[in-house]
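The sequence shown begins at 10 in my numbering and counts up by one. Every residue, glycine too, gets a C-beta built ideally from N, C-alpha and C. Inspection log for the structure reproduced underneath, given as structure tokens.
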Amino acid sequence: MPATIIDGKQIAADVQEELRGRITALSDAGVIPGLAVVLVGENPASVSYVTAKERDCEKVGIRSFDHRIPVETSETDLLDLVDRLNADDAVHGILVQLPLPEHIDSDRVLQRIDPTKDVDGFHPLSLGRMLTGLPTLLPCTPHGVVQMLLRSGHDPAGKHVVVLGRSNIVGKPLANLLALKKTGGNATVTVCHSRTPNIAEFTRQADILVAAIGSAGFVTGDMVADGAVVIDVGVNRVEDPSKKRGYRLVGDVDFDSVAPRAAAITPVPGGVGPMTRTMLLFNTVTAAEQRTQN
Ligand code: GUN
Numbered sequence: 010m011p012a013t014i015i016d017g018k019q020i021a022a023d024v025q026e027e028l029r030g031r032i033t034a035l036s037d038a039g040v041i042p043g044l045a046v047v048l049v050g051e052n053p054a055s056v057s058y059v060t061a062k063e064r065d066c067e068k069v070g071i072r073s074f075d076h077r078i079p080v081e082t083s084e085t086d087l088l089d090l091v092d093r094l095n096a097d098d099a100v101h102g103i104l105v106q107l108p109l110p111e112h113i114d115s116d117r118v119l120q121r122i123d124p125t126k127d128v129d130g131f132h133p134l135s136l137g138r139m140l141t142g143l144p145t146l147l148p149c150t151p152h153g154v155v156q157m158l159l160r161s162g163h164d165p166a167g168k169h170v171v172v173l174g175r176s177n178i179v180g181k182p183l184a185n186l187l188a189l190k191k192t193g194g195n196a197t198v199t200v201c202h203s204r205t206p207n208i209a210e211f212t213r214q215a216d217i218l219v220a221a222i223g224s225a226g227f228v229t230g231d232m233v234a235d236g237a238v239v240i241d242v243g244v245n246r247v248e249d250p251s252k253k254r255g256y257r258l259v260g261d262v263d264f265d266s267v268a269p270r271a272a273a274i275t276p277v278p279g280g281v282g283p284m285t286r287t288m289l290l291f292n293t294v295t296a297a298e299q300r301t302q303n
């Protein structure tokens, strides 16, 4: 049987619908949730991500504050901007788009963000709270993946989830979320990465396989068990002269060979991407609610 396509756009639209009610309640209390987006330089992928994030905000009634600053901005100036955003009551969430230019220490910048405004969930305090199961703002892609699984009827509880990739943004936090003793957790988790020998021996054991390694088409049909659920986090640009913009987006999963074996699979585009963006809105609304309640 062909795989069910897990429609990230539809699930994201459902979550956004739920957010609208919360945004209305905030605005009835005189609060408009605000997200500051900081982009240093003009990396084309980052420009399109940031533009999309700001468009999403506008659509659901979140105010976005756009800070596009030159690539040569010093670390001190960027830290000063973060300090100003930390102190600004209209700003409930702060996102500094990664990667930052080489002359800037990303860790130092991320650690400067007030954890109550850390809508990326990248601050060590946010990650530590997540790890111990305390309430916190969760990193958007891992949270989006868990929501996608739950909302498409694939609760990870009791399942063997194999996560490919150990980045701070996706692999590491996702593996930990899936293992938490909580809704969306309770999975048995294996993390594979670039130094894992015989990776296919692990991937073939997965009830749920999550690919987040940043390598176009890495996961092929022979690496996947019949009936597995496959979540593709990858967003890779591959040259395509037939496209007006000269490239197309492909995932870390070779869709054509994997889909015939999988029970369910996320497409790229239209899978995890829309969920990541939506969980950013979710975090911004949550941060605004928390600030309003305190
Ligand atoms: N660069 C790629 N993904 C992300 C993300 O989720 N957040 C930020 N801040 N930068 C990114």
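Nearest to residue i by CA position, among the options, is which residue?
i    : options                : result
R213 : N185, A45, T199        : T199
P53  : G255, G260, G167       : G255
V172 : V262, G30, L44, L87    : V262
T285 : N245, A184, F74, H152  : H152
V242 : T295, A96, P283        : P283
A215 : G260, C201, L94        : C201
I14  : V80, T295, P278        : P278
V179 : D75, V281, G30         : V281
L88  : Q302, L109, L189, D98  : L109
D23  : L94, S135, E298, T287  : T287
C66  : E84, A96, L28          : L28
N95  : R121, K62, E84         : R121
L189 : L136, R175, F211       : L136
I20  : T205, P133, F211, G162 : G162
K168 : V239, R204, K181       : V239
G142 : P165, P182, L119, Q302 : P182
L140 : N185, K252, D75        : N185
E84  : E111, D75, D98, E63    : E111
S176 : M157, Q156, S203       : S203
D265 : V233, F211, P250       : V233
D16  : R300, L159, F211       : L159
A99  : F74, F211, E210        : F74
Taking 7 Å as the line, does the beta carbon of residue i fall inside it for any heavy atom of ligand 2?
i    : result
T293 : With respect to ligand 2, the structure shown offers nothing to examine, as its ligands consist of ligand 1.
Consult DSSP for residue i and reduce its assignment to one of helix, strand or coil.
i    : result
N195 : coil
H76  : strand
R246 : strand
R213 : coil
I208 : helix
V155 : helix
V91  : helix
I20  : helix
L186 : helix
A225 : coil
I14  : strand
A297 : helix
L147 : coil
R117 : helix
L218 : strand
V281 : helix
L107 : coil
D231 : helix
V170 : strand
I32  : helix
R175 : coil
A237 : coil
V56  : helix
A96  : helix
A45  : strand
G102 : strand
V128 : coil
A273 : strand
V40  : coil
R286 : helix
R257 : strand
Write down the C-beta distance between residue i and residue j rounded to the nearest angstrom, noting that I regard them as a contact closer than 8 Å.
i    : j    : result
A237 : I208 : With 8 Å as the limit, A237 and I208 do not qualify as a contact, their Cβ atoms being about 15 Å apart.
V170 : V219 : 7 Å
N245 : V267 : Going by Cβ atoms, the distance from N245 to V267 rounds to 15 Å, so no, they are not a contact pair.
A221 : V247 : That belief does not hold up - the Cβ atoms of A221 and V247 are roughly 18 Å apart, past 8 Å.
P11  : P269 : 7 Å
L35  : A297 : 6 Å
P165 : L187 : 5 Å
R300 : T125 : 7 Å
So with Cβ pairs under 8 Å, would you call residue i a contact of chain B?
i   : result
S73 : Any reference to chain B falls outside this structure, which holds one protein chain only.
Would the region 25–41 count as touching the region 52–60 if we require 3 or more Cβ pairs under 8 Å? Output reads no: the region 52–60 does not touch the region 25–41.
Worksheet item: On the three-pair Cβ rule with 8 Å, is the region 91–107 touching the region 128–141?
Response: Yes, since at least three Cβ pairs between the region 91–107 and the region 128–141 fall closer than 8 Å, the two stretches touch.
query = Do the region 112–124 and the region 63–76 meet, that is, are 3 or more Cβ pairs less than 8 Å apart?
reply = Counting Cβ pairs under 8 Å, fewer than three are found: no touch.
Pairing CB atoms from the region 221–236 with CB atoms from the region 184–198, are three or more of them under 8 Å? Contact between the region 221–236 and the region 184–198 is absent: fewer than three C-beta pairs spanning the two stretches fall below 8 Å.
Query raised in the report: Using 8 Å as the Cβ pair cut-off and three pairs as the minimum, do the region 42–49 and the region 267–278 touch?
Result: Contact between the region 42–49 and the region 267–278 is absent, with fewer than three C-beta pairs closer than 8 Å.
At a cut of 8 Å, does the region 144–152 reach the region 289–298 through at least three beta carbon pairs?
Two segments are said to touch when three or more pairs of C-beta atoms, one from each, lie closer than 8 Å; by this definition the region 144–152 touches the region 289–298.
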